[in-house]
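Each residue of the sequence shown is one higher than the one before, starting from 19 at the first, in the working numbering.
C-beta: ideal position from N, C-alpha, C; glycine also.
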Amino acid sequence: MKSAMILFFVFLFGCATQNDRPVPADGEALLKEFEVTKEEQEKFSFEAIKPTPAPAPEVRDTVKKIKLKKPITEKKEVIKKNTVTKTAKVYPEDYPEAFKELFKDAHKTWSKFKPLIRVGESINFEITYLGIKAGNIKFMVLDNGKRGDDLIHHFKATLSSADYYKYIYKLDDYVESFILADSFLPLKYTLIQRESGQSVDELQLFDHDKLQNKQWFKKLKDGKTKKDDKVGFIPELFLDPLSLLAFFRGLPLQKGDVYSVPVIVRSKVLKVTATVIDYEKIEVLDKNRDAVKISVYVEPTEEGKKPTTMNLWYNRDESRELLRFNAELKFGSVEGEWVP
19 MKSAMILFFV
29 FLFGCATQND
39 RPVPADGEAL
49 LKEFEVTKEE
59 QEKFSFEAIK
69 PTPAPAPEVR
79 DTVKKIKLKK
89 PITEKKEVIK
99 KNTVTKTAKV
109 YPEDYPEAFK
119 ELFKDAHKTW
129 SKFKPLIRVG
139 ESINFEITYL
149 GIKAGNIKFM
159 VLDNGKRGDD
169 LIHHFKATLS
179 SADYYKYIYK
189 LDDYVESFIL
199 ADSFLPLKYT
209 LIQRESGQSV
219 DELQLFDHDK
229 LQNKQWFKKL
239 KDGKTKKDDK
249 VGFIPELFLD
259 PLSLLAFFRG
269 LPLQKGDVYS
279 VPVIVRSKVL
289 KVTATVIDYE
299 KIEVLDKNRD
309 AVKISVYVEP
319 TEEGKKPTTM
329 NLWYNRDESR
339 ELLRFNAELK
349 FGSVEGEWVP
């Protein structure tokens, strides 16, 4: 059962890793744990939005003032910009041609996207393997923050093993995704894993001006430390595994639609093709709900790597909540369903 769970969640949580190593409070702590320069820390830091103080009470003069009429100004129509605009791009030297090709289809997908962000949302899923409860995932939309003047969306997912399963294999993992609101592109992605016998910390920073990402990776197992720090190119348009689930909610999701989305996992680029299969009525939380079914085909860009397929069911109402997901694996089917 452990192998099946790991295979399914390798896409979201990366490679699998309770030990005595402390768990960072949040992904921001990794900026200090790894050798991230002060300049990079400032460029990729996420700060909470401070509440606006209440206005001071108005002090009225004893002498009545004459109100001046404001000049009448003509209202100008405000034109909303698309989240992503297509402009001529100057690519770095040795930039992969394959990434340029990925942009063509991805741009068509982004042009159809309208953000659907529900701050404060928290949805729990029960994970079953061959009908047996194996663990739980919680998806959360946390408060927005700032990076300088940029608005940042903040997503988080936690994975834990079921109570009885902890005696066999204990999971205590979480991932965080920080997304630039104006383009819905990742700024930063963090992964914390604390599992039986080993632990992993991972930090990904995405520089869209340089089309470059930096990865810091540290794994502790059997008293040995493995590091995998690297720098690589990124496509112009891409997502991380967690933000992908939020991204689907902002697409039209009309029957027959096909969407192309590059996804980066551990500095590797995956080509994700999502096809809207059908509209179905499914039972979730003892209630029949209208859902849209999406088939997600995940294809590695590296030669010799096998593709995987999973299915997602989103609510057809305005909430577009994720209701259910599953994947067929070598050892059986893994499913996740919304629970209270």
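Check	Outcome
Own chain residues within Cβ distance below 7 Å of alanine 116, not counting five before or after	Thr319
Endpoints, beta strand (DSSP E) assigned at phenylalanine 265	That residue, phenylalanine 265, is in no beta strand (DSSP E); its alpha helix (DSSP H) goes 259-267.
Three or more C-beta pairs below 8 Å linking the region 310-329 and the region 338-346	yes
Sequence-distant residues of its chain with Cβ nearer than 7 Å to proline 391 (five each side left out)	Only positions 19 to 358 of the chain appear in the structure, and residue 391 is not among them; the question remains open.
Three-state secondary structure (DSSP) of lysine 305	strand
Which listed residue (Leu257, Ala292, Lys311) has its alpha carbon closest to that of alanine 199	Leu257
Top-ranked residue by Cα proximity to isoleucine 170, from Phe64, Ile252, Asp275, Lys122	Phe64
Residue environment, lysine 248, which counts as buried when at least 16 other CB atoms sit within 10 Å	exposed
Three or more C-beta pairs below 8 Å linking the region 228-238 and the region 280-297	yes
Where lysine 118 falls, given that 16 or more other Cβ within 10 Å makes a residue buried	exposed
Neighbour-count burial assignment, leucine 86, 16 or more Cβ in a 10 Å radius	Reliability fails at leucine 86, whose pLDDT of 38 lies under 50, so the model's placement of it is uncertain and the value that follows must be treated cautiously. Exposed.
Phenylalanine 157 beta carbon less than 8 Å from that of glycine 303	What sits at residue 303 in the sequence shown is leucine, not glycine. It is not a contact, given that the beta carbons lie outside the stated cut-off.
Status (buried if at least 16 other CB within 10 Å, exposed otherwise) for glutamate 213	buried
For glycine 354 and leucine 148, believed in contact at Cβ under 8 Å, the rounded distance	Rounded, the Cβ-Cβ distance is 14 Å, inconsistent with contact.
Euclidean distance between Cα positions of valine 77 and isoleucine 67	Note on valine 77: pLDDT 45, under 50, position unreliable in the model; no value is reported.
Inter-residue Cα distance where the pair is glutamate 139 and histidine 172	11 Å
Exposed unless 16 or more other CB atoms sit within 10 angstroms - verdict on aspartate 136	Residue 136 is actually arginine in this sequence, not aspartate. So arginine 136 ends up on the exposed side.
Cα-Cα separation between valine 54 and histidine 226, rounded to whole angstroms	17 Å
Assigned secondary structure, histidine 360 (DSSP; H/G/I helix, E/B strand, else coil)	For residue 360 there is no data in the structure shown, the boundaries of the chain being 19 and 358.
Close beta carbons around lysine 244, own chain, < 7 Å, minus the five adjacent residues each side	Lys237
Entirely enclosed beta strand (DSSP E) segments - the region 198-253, minimum 3 residues	203-213, 216-225, 230-239, 242-245, 248-251
Beta-carbon proximity list for arginine 342, same chain, < 6 Å, skipping 5 on both sides	Trp331, Glu355
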